[in-house]
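Input: a single structure, listed below in structure tokens.
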Amino acid sequence: MATIKRVMVIGAGQMGSGIAQVSAQAGCSVILQDVQQSYAERGVATIQGSLQRFVKKAQMTEEDAALALKRIETTTDLTRAVDVDIVIEAATEQMELKKDIFRKLDHVVPAHAILASNTSSLPITEIAAVTGRPRQVIGMHFMNPVPLMRLVEVIRGLQTSDEVYAAVSQFAADLGKTPVAVQDFPGFISNRILMPMINEAIYCVFEGVAEPQAIDEIMKLGMNHPMGPLQLADFIGLDTCLYIMEVLYEGFADSKYRPCPLLRKYVAAGWLGKKSGRGFYVYS
């Protein structure tokens, strides 16, 4: 397959703006799409701030930052994908929303284009099935924050072709990332291991084994984790943690993935972590 040079990113939130940034830094021309122009522009502002942090740390020149920014354009129109090489969807983690986006893109993008999803837990095979090109659908699960984290899980759906897998792996490497091959199972690898650990930490709070600070200190000092599981859960968003645990629980029908009742209670209360000001910790 030809080298990937023209990229569309769907969704200008934290993940989408990060993917757009690293694509632009790698020399790709990027179209950043969101449902409202103000969302797309906010994504560009996030990118601008991130690039400036690299400049301040002398990890990038002002000229390179300006060039990267110049390679990004914004739109609300999905039909702008008419001449791209790859579309990377980074919309909200809802299966029906993703299916709707992929259906629409399938009618717009050129025949050679790859359709990728940044989903953190949803089945690629099911997303691919709504298109007429399941061989060209793949998962590219970037880690947050995208400009700093090197891993990309490359998830093959049941019908993903070897050529598409190779092209996407090379593209990830061109972005300065390390692609790791994963098969299409609930939660893939990263969240299949991470989320049950977070869930077990929440059970330890629920059962009164220890306070959140103690649990996090044990994992940081004893296991050399840079951040404790409960603080990490607050940063990810407790609603996102609950959603992924439910995907695992439903996907495997195994009680070991049952979300902790305390996690459900916090989400029901609107205690979603850092973004809401309260989770296992209080944020001012």
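Using the numbering used here, you'd call the opening residue of the sequence shown number 124 and step up by one each time. All C-beta atoms in this analysis are idealised placements derived from N, C-alpha and C, irrespective of residue type, glycine included. Since this is a predicted model, take the numbers as computed values, not measurements.
Whether residue i touches residue j by CB criterion (8 Å)
{"i": "LEU353", "j": "ILE338", "result": "yes"}
{"i": "ALA239", "j": "VAL207", "result": "no"}
{"i": "ILE195", "j": "VAL232", "result": "no"}
{"i": "GLY374", "j": "VAL145", "result": "no"}
{"i": "LYS180", "j": "SER152", "result": "no"}
{"i": "ALA191", "j": "GLN148", "result": "yes"}
{"i": "LYS222", "j": "GLU212", "result": "no"}
{"i": "ARG176", "j": "MET131", "result": "no"}
{"i": "THR197", "j": "GLN137", "result": "no"}
{"i": "ASP362", "j": "VAL390", "result": "yes"}
{"i": "GLY351", "j": "GLU340", "result": "yes"}
{"i": "GLN156", "j": "THR199", "result": "yes"}
{"i": "ALA236", "j": "VAL275", "result": "no"}
Close Cβ partners of residue i (< 6 Å) along its chain, the five nearest in sequence each way excluded
{"i": "LYS397", "result": "ASP357, PHE358 and TYR406"}
{"i": "PHE403", "result": "PRO335, LEU353 and ASP357"}
{"i": "ILE325", "result": "CYS383, LEU385 and LEU386"}
{"i": "GLY345", "result": "none"}
{"i": "PRO257", "result": "ALA251 and GLN282"}
{"i": "MET183", "result": "PHE177"}
{"i": "MET272", "result": "MET266"}
{"i": "THR169", "result": "SER140"}
Cross-strand partners of residue i (DSSP beta bridge)
{"i": "VAL277", "result": "MET263 and ALA304"}
{"i": "ARG129", "result": "SER152"}
{"i": "ALA239", "result": "ILE211 and ILE261"}
{"i": "GLU196", "result": "ILE154"}
{"i": "VAL109", "result": "No answer is possible for residue 109: it lies beyond the span of the chain, which begins at 124 and ends at 407."}
{"i": "GLY396", "result": "ARG401"}
Beta-carbon contacts of residue i that lie in its chain and below 7 Å, excluding the five residues immediately before and after
{"i": "PRO382", "result": "ASN322, LEU365, MET368, GLU369 and TYR372"}
{"i": "TYR380", "result": "PRO319, MET368, LEU371 and TYR372"}
{"i": "LYS227", "result": "LEU201"}
{"i": "ALA135", "result": "LEU155, ASP157, TYR162, ALA163, ARG165 and GLY166"}
{"i": "GLY360", "result": "LEU395, GLY396 and LYS398"}
{"i": "PRO302", "result": "VAL275, VAL277, SER292, ALA295 and ALA296"}
{"i": "ALA234", "result": "none"}
{"i": "PRO268", "result": "GLY141"}
{"i": "SER243", "result": "GLU216, HIS264, ASN314 and ILE367"}
Nearest-angstrom beta carbon gap, residue j and residue i [assumed within contact, 8 Å]
{"i": "ARG241", "j": "MET263", "result": "Note that residue 241 is Asn in the sequence shown here, rather than Arg. Between MET263 and ASN241 the Cβ distance is about 6 Å, and since that is below 8 Å, they are a contact."}
{"i": "ARG401", "j": "TRP394", "result": "5 Å"}
{"i": "ASP229", "j": "THR254", "result": "4 Å"}
{"i": "ALA277", "j": "ALA296", "result": "Reading the sequence as shown, one finds Val at residue 277 and not Ala. Their Cβ separation, rounded to whole angstroms, is 10 Å, which puts VAL277 and ALA296 out of contact at 8 Å."}
{"i": "GLY139", "j": "ILE133", "result": "7 Å"}
{"i": "PRO270", "j": "SER378", "result": "About 38 Å; that fails the 8 Å criterion."}
Closer than 8 Å to chain B by CB, residue i
{"i": "VAL132", "result": "Absence of chain B from the displayed structure is noted, only one protein chain being present."}
Own chain, CB closer than 8 Å to residue i, minus 5 neighbours either side, in chain order
{"i": "TYR288", "result": "ILE261, VAL277, ARG279 and ALA304"}
{"i": "ARG315", "result": "PHE308, PRO309 and LEU371"}
{"i": "ASP187", "result": "GLN148"}
{"i": "PRO349", "result": "LYS343"}
{"i": "ALA333", "result": "CYS327 and ILE341"}
{"i": "GLN306", "result": "ILE278 and ARG279"}
{"i": "GLU185", "result": "VAL178"}
Pair every Cβ in the stretch 217 to 224 with every Cβ in the stretch 301 to 315, then say whether three or more of these pairs are closer than 8 Å. Output reads no: the stretch 301 to 315 does not touch the stretch 217 to 224.
Would you say the stretch 247 to 254 touches the stretch 266 to 286, given that touching needs at least three Cβ pairs under 8 Å? yes
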